[in-house]
Amino acid sequence: MNREDIEFHGEGGVTLRGWFCPARNTSTPAPVVVLAHGLSCVKEMHLDDYAAVFSEAGLHVLAYDHRNFGDSEGTPRQEVDPVLQYRDFRNAITYATTRPEVDASKIGIWGSSFSGGHVLMVAAIDKRVKAVVSQVPFITGPRTLSRAIRPDFIPVFRAIQEGDRLNRFTGGEPAMIPVVAADPTAQAVMPAADAYEWFSKTAADRAPNWKNELTARSMEMVTEYAPGTFISRIAPTPLLMIVADNDRVAPFELALDAYAEAREPKQIIVKQGGHFDFYSGPGFDELSAAARDHFVKHLLG
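Using this note's numbering, read the sequence shown as starting at 12 and increasing by one per residue.
What follows is the structure in structure tokens.
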């Protein structure tokens with residue numbers, strides 16, 4: 012797939028870096044789909060595969076790394092600030108509209124996992140967006156914490172966060188916690204066997220710049236974030252939500268509850284599988300095609 016390395020300014024002037032993948036078989040200004048990944052992920056973790064599917068269908072694609080991760084700048088490294096990530100997503104849209112090959116009136120956005128929550132907020136507030144796909148979305152921090160993290164881990168996380176806040180206040184370095192761990196009883200952001208398997212294999216195979224750590228403050232900010240509360244404001248922008256019925260990272264019940272609050276036009280696909288089953292293999296083939304068809308219908312139709 013042909014692609015161009017790009018950079019643009021995120022919120023506060025931070026340089027964000029990614030790829031622009033031109034639409035195939037088109038010579039006129041074409042729609043663009045902006046992609047971003049989930050918690051701790053970098054763009055090499057299969058965003059290029061989604062970009063290839065969308066590009067082949069006649070859609071430009073812009074995919075980028077969140078601030079503080081991968082090729083993008085920003086400090087502290089490995090820190091997730093949901094509000095800044097959401098605002099950066101809107102800056103990515105703005106950058107895309109400045110490109111002469113892009114039809115600025117036809118913007119689509121795609122997000123998965125944590126960015127699946129971002130796109131709900133972006134589509135609700137930024138009416139430049141004309142179609143949105145939210146895959147295995149993060150809906151709400153407080154309710155996700157209580158469902159996805161073992162109860163005996165929660166006091167430990169809180170103690171780490173409190174100690175980290177005091178340490179930073181006195182000039183210390185951020186405390187770090189692992190994203191995944193081989194031992195599902197160990198302390199980690201995603202203490203699940205499928206999370207460890209996916210991150211470990213994907214990093215080894217295609218994303219050596221992924222790091223198995225987040226700042227402790229990341230989790231504090233994640234628990235303050237509830238993008239699903241914006242879902243009723245997305246309409247009349249067409250929404251496609253993709254949900255895994257055995258999702259232990261972003262509990263599928265929360266996605267179903269949020270979808271019930273969304274207004275038409277909307278569509279949901281509930282597929283058998285876990286949180287990481289749609290990035291490769293048959294799950295990817297089916298659901299990347301569903302996302303492609305959603306964008307083709309609403310941006311090219």
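We put the beta carbon where it would ideally sit given N, CA and C, even for glycine. This structure is a prediction, so every number in the text was calculated from the model and none was measured.
{"Asked": "Quick one: which unbroken beta strand (DSSP E) runs of 3-plus residues sit fully inside the segment 101 to 166? Chain order, please.", "Found": "113 to 123, 140 to 146"}
{"Asked": "Quick check: the segment 239 to 256 against the segment 143 to 155, are at least 3 beta-carbon pairs closer than 8 Å?", "Found": "yes"}
{"Asked": "Could you tell me the distance, in whole angstroms, from the CA atom of GLY182 to the CA atom of ARG176?", "Found": "10 Å"}
{"Asked": "Going by DSSP, which residues form a beta bridge with GLY239?", "Found": "None; GLY239 has no bridge partner."}
{"Asked": "Which full runs of the beta strand (DSSP E) of 3+ residues lie inside the segment 18 to 93, going along the chain?", "Found": "26 to 32, 41 to 47, 71 to 75"}
{"Asked": "How many whole angstroms separate the CB atoms of ASP256 and GLN278, which I take to be in contact at a CB cut-off of 8 Å?", "Found": "At roughly 16 Å, the Cβ-Cβ gap does not stay under 8 Å, so ASP256 and GLN278 are not in contact."}
{"Asked": "Would LEU70 pass as a contact of PRO111 if the rule is Cβ separation under 9 Å?", "Found": "no"}
{"Asked": "Can you look up LYS277 in the DSSP assignment and give me helix, strand or coil?", "Found": "strand"}
{"Asked": "Taking the beta carbon of PHE287 as the centre, do at least 16 other beta carbons fall within 10 Å, making it buried, or is it exposed?", "Found": "buried"}
{"Asked": "Taking just the CA atoms, how far does MET132 sit from LYS138?", "Found": "11 Å"}
{"Asked": "At which residues does the beta strand (DSSP E) containing VAL233 begin and terminate?", "Found": "Run containing VAL233: none in the beta strand (DSSP E); it sits in the alpha helix (DSSP H), 227 to 233."}
{"Asked": "DSSP three-state call for ILE188: helix, strand or coil?", "Found": "strand"}
{"Asked": "Grab the span of the beta strand (DSSP E) containing LEU320 for me, first residue to last.", "Found": "Outside the shown range of the chain (12 to 312) lies residue 320, about which nothing can therefore be said."}
{"Asked": "Please classify PRO93 as buried or exposed, where buried requires at least 16 other C-beta atoms within 10 Å of its C-beta.", "Found": "buried"}
{"Asked": "Tell me the residue span of the alpha helix (DSSP H) that contains SER299.", "Found": "292 to 306"}
{"Asked": "Give me the DSSP bridge partner(s) of GLU15.", "Found": "PHE31"}
{"Asked": "In chain order, what residues of the same chain have a beta carbon less than 6 Å from the beta carbon of TYR106, not counting five sequence neighbours either side?", "Found": "PHE19"}
{"Asked": "Could you tell me whether any Cβ in chain B is nearer than 9 Å to the Cβ of LYS282?", "Found": "Of the protein chains in this structure there is only one, and it is not chain B."}
{"Asked": "Expressed to the nearest angstrom, what Euclidean distance is found between the alpha-carbon atoms of ALA134 and ILE118?", "Found": "10 Å"}
{"Asked": "What are the boundary residues of the alpha helix (DSSP H) that THR213 is part of?", "Found": "204 to 217"}
{"Asked": "What whole-angstrom Cβ distance do THR213 and MET12 have, given they're in contact under 8 Å?", "Found": "The Cβ separation is near 18 Å, so there is no contact."}
{"Asked": "How would you write the range of the alpha helix (DSSP H) that GLU272 sits in, first residue to last?", "Found": "263 to 272"}
{"Asked": "For PHE31, is the classification buried or exposed, using 16 other Cβ atoms within 10 angstroms of its Cβ as the cut-off for buried?", "Found": "buried"}
{"Asked": "Which partner residues does LYS282 have in the DSSP bridge list?", "Found": "ALA255"}
{"Asked": "Alpha carbon to alpha carbon, how far is MET232 from ARG179?", "Found": "15 Å"}
{"Asked": "Alpha carbon to alpha carbon, what distance is there between GLY127 and PRO202?", "Found": "20 Å"}
{"Asked": "Is ILE171 helix, strand or coil when you go by DSSP?", "Found": "helix"}
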